[in-house]
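S.K.: Sharing a structure with you now.
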Amino acid sequence: MVGLKNKLKQLTSQKSEIIKIRRRDENEYKKVKSISRKYSSSLKSTQKRIETFKQNADDIDEILSHKIAQLESVQRLKSIAQDRLNLEIQNKEQIENEIDFVDTIEEKQGLEYRLNSIISTIDEIKNEIKQRVSMESFFSQAVSEIEKKKNSVTKTIKKNVKSKPELTKLAKSAQEKFDSVSKKFESVKKRELSISAQLSKIKSVIPKAKSKTRKVKAKSKTR
Numbered sequence: 019m020v021g022l023k024n025k026l027k028q029l030t031s032q033k034s035e036i037i038k039i040r041r042r043d044e045n046e047y048k049k050v051k052s053i054s055r056k057y058s059s060s061l062k063s064t065q066k067r068i069e070t071f072k073q074n075a076d077d078i079d080e081i082l083s084h085k086i087a088q089l090e091s092v093q094r095l096k097s098i099a100q101d102r103l104n105l106e107i108q109n110k111e112q113i114e115n116e117i118d119f120v121d122t123i124e125e126k127q128g129l130e131y132r133l134n135s136i137i138s139t140i141d142e143i144k145n146e147i148k149q150r151v152s153m154e155s156f157f158s159q160a161v162s163e164i165e166k167k168k169n170s171v172t173k174t175i176k177k178n179v180k181s182k183p184e185l186t187k188l189a190k191s192a193q194e195k196f197d198s199v200s201k202k203f204e205s206v207k208k209r210e211l212s213i214s215a216q217l218s219k220i221k222s223v224i225p226k227a228k229s230k231t232r233k234v235k236a237k238s239k240t241r
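Written as structure tokens, this is what we have:
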């Protein structure tokens with residue numbers, strides 16, 4: 019009976035101590051788990067941002083290529099119109115010179131008709147160039163804005179890519195720490211369950227032992 023009481027006292031003390039250890043380890047477990055999740059979440063978010071911004075960069079590249087093609091087309095048409103304008107101006111100057119040297123009214127009227135036609139064509143070409151210049155300005159501004167946006171996205175991608183290795187390292191370290199703490203916490207819980215089971219067993223045995231002791235004492239008195 020004395021042995022059982024000593025065992026009960028020992029197990030009660032052990033349970034009290036293991037509860038303290040379990041609570042301490044549980045707090046550490048929760049803390050490390052939170053940190054591990056934080057780094058893991060940050061790493062996933064960073065990877066997702068990289069993928070999203072890369073897709074954005076691809077979309078921007080496609081839009082930029084389209085705008086550049088439009089700009090180059092307008093510039094090419096403007097250049098062609100400018101060449102035509104220069105040619106018509108030369109024709110105008112040539113006819114103006116020829117008018118001074120014609121001999122007949124018919125020839126002069128013919129040249130004047132051609133001159134008026136050329137002047138009309140020159141005005142049309144000038145209007146066309148004016149429109150091309152306006153469109154060129156519009157597309158140049160569009161290209162400039164898209165390039166700024168592309169540079170901003172590129173910087174963001176580089177920034178996230180640069181931070182990824184460190185985040186990966188931190189996430190890995192936190193996961194390893196969590197695995198270690200988790201094993202330790204599980205081990206403490208098992209020890210607590212084992213001690214609790216032993217304690218319950220002792221507590222259930224003691225009443226029976228007391229009863230047996232009383233019976234033995236009663237028999238001794240009757241003899």
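Take any residue in the sequence shown, count from 1 to its spot, add 18: that is its number in my numbering. Backbone N, C-alpha and C define an ideal beta-carbon position, used for all residues, glycine too.
Using DSSP with H/G/I as helix, E/B as strand and the rest coil, what is residue 174?
M.R.: Here residue 174 refers to the residue found at position 156 of the sequence shown. Helix, per DSSP.
S.K.: Inspect the beta-carbon positions of residue 161 and residue 113 and report whether they are closer than 8 Å.
M.R.: The count along the sequence shown starts at 1 and reaches residue 161 at position 143. The count along the sequence shown starts at 1 and reaches residue 113 at position 95. Not closer than 8 Å, so no.
S.K.: State the Cα-Cα distance for the pair residue 198 and residue 33, rounded to the nearest angstrom.
M.R.: Position 180 of the sequence shown holds residue 198. Position 15 of the sequence shown holds residue 33. Each residue's alpha carbon lies about 23 Å from the other.
S.K.: Under 8 Å: do the stretch 103-112 and the stretch 49-64 share three or more Cβ pairs, one atom per stretch?
M.R.: Result no; under three Cβ-Cβ pairs closer than 8 Å.
S.K.: Buried or exposed, going by whether 16 or more other CB atoms sit within 10 Å of the CB of residue 71?
M.R.: Within the sequence shown, residue 71 is the residue found at index 53, counting from 1. Flag for residue 71 reads buried.
S.K.: For residue 83, collect the residues of the same chain with a Cβ closer than 6 Å to its Cβ; drop the 5 residues on either side in sequence, then sort them by chain order.
M.R.: On the sequence shown, position 65 is the one that residue 83 refers to. Once the five neighbours on either side are set aside, residue 83 has no close Cβ partner at all.
S.K.: Do the CB positions of residue 203 and residue 80 come within less than 8 Å of each other?
M.R.: Taking the first residue of the sequence shown as 1, we reach residue 203 at position 185. Taking the first residue of the sequence shown as 1, we reach residue 80 at position 62. No; because the gap between Cβ atoms is not below 8 Å, this pair is not in contact.
S.K.: Taking the beta carbon of residue 104 as the centre, do at least 16 other beta carbons fall within 10 Å, making it buried, or is it exposed?
M.R.: Here residue 104 corresponds to residue number 86 of the sequence shown, with the count starting at 1. With fewer than 16 Cβ atoms within 10 Å of its Cβ, residue 104 is classed as exposed.
S.K.: Would you check if the distance between the CB atom of residue 78 and the CB atom of residue 179 is smaller than 8 Å?
M.R.: By one-based count along the sequence shown, residue 78 stands at place 60. By one-based count along the sequence shown, residue 179 stands at place 161. It is not a contact, given that the beta carbons lie outside the stated cut-off.
S.K.: Count the other C-beta atoms from every protein chain shown that fall within 10 angstroms of the C-beta of residue 184, then say buried if there are 16 or more, exposed otherwise.
M.R.: As a first step, residue 184 is located in the sequence shown; it is residue number 166 there, counting from the start. With fewer than 16 other Cβ atoms within 10 Å, it is exposed.
S.K.: For my contact list, residue 130 and residue 117 are in at a C-beta cut-off of 8 Å; report their separation, rounded to the angstrom.
M.R.: Position 112 of the sequence shown holds residue 130. Position 99 of the sequence shown holds residue 117. About 7 Å separates the two Cβ atoms, so the contact holds.
S.K.: Just to confirm my understanding: we take residue 100, look at its own chain, exclude 5 residues before and 5 after, and list those with CB closer than 8 Å. What are they?
M.R.: Here residue 100 refers to the residue found at position 82 of the sequence shown. Closer than 8 Å at Cβ, skipping near neighbours: 147.
S.K.: Below 6 Å CB to CB, which residues in the same chain sit around residue 39 once its five sequence neighbours on both sides are set aside?
M.R.: The sequence position of residue 39 within the sequence shown is 21, counting from 1. So the list reads 206, once near-sequence residues are dropped.
S.K.: Report all residues from its chain with a CB closer than 7 Å to the CB of residue 196; omit the five preceding and five following residues, and keep chain order.
M.R.: Taking the first residue of the sequence shown as 1, we reach residue 196 at position 178. Taken in chain order, the residues that qualify are 50, 51 and 54.
S.K.: Where does residue 205 fall in DSSP's three states?
M.R.: Against the sequence shown, residue 205 aligns to sequence position 187. Three-state result, residue 205: helix.
S.K.: Report buried or exposed for residue 119, applying the criterion of at least 16 other Cβ atoms within 10 angstroms of its Cβ.
M.R.: For this step, residue 119 is matched to residue 101 along the sequence shown. It is exposed - the Cβ of residue 119 has fewer than 16 other Cβ atoms within 10 Å.
S.K.: Using the C-alpha atoms, what's the distance from residue 150 back to residue 159?
M.R.: Taking the first residue of the sequence shown as position 1, residue 159 is located at position 141. Taking the first residue of the sequence shown as position 1, residue 150 is located at position 132. The straight-line gap from Cα to Cα measures roughly 14 Å.
S.K.: Are the Cβ atoms of residue 136 and residue 106 separated by less than 8 Å?
M.R.: Counting from 1 along the sequence shown, the entry for residue 136 is found at position 118. Counting from 1 along the sequence shown, the entry for residue 106 is found at position 88. The answer is yes: Cβ separation under 8 Å.
S.K.: Report the three-state DSSP secondary structure of residue 234 (helix, strand or coil).
M.R.: Indexing the sequence shown from 1 puts residue 234 at position 216. Low confidence applies to residue 234: its pLDDT is 46, below 50, so where it sits in the model is not reliable enough to give any reading.
S.K.: Using the beta-carbon count (16 or more within 10 Å), is residue 92 buried or exposed?
M.R.: In the sequence shown, counting from the first residue as 1, residue 92 sits at position 74. Looking at its Cβ environment, which holds 16 or more other Cβ atoms inside 10 Å, residue 92 is buried.
S.K.: When we look at the beta-carbon of residue 215 and count the other beta-carbons within 10 Å, is it buried (16 or more) or exposed?
M.R.: For the purposes of this step, residue 215 is taken as the residue at position 197 of the sequence shown. Result: exposed.
S.K.: Near residue 57, which residues of its chain fall below 6 Å by C-beta distance, leaving aside the five closest residues on each side in sequence?
M.R.: For the purposes of this step, residue 57 is taken as residue 39 along the sequence shown, with counting starting at 1. Counting only Cβ-Cβ distances below 6 Å, and skipping sequence neighbours, we find 188, 189 and 192.
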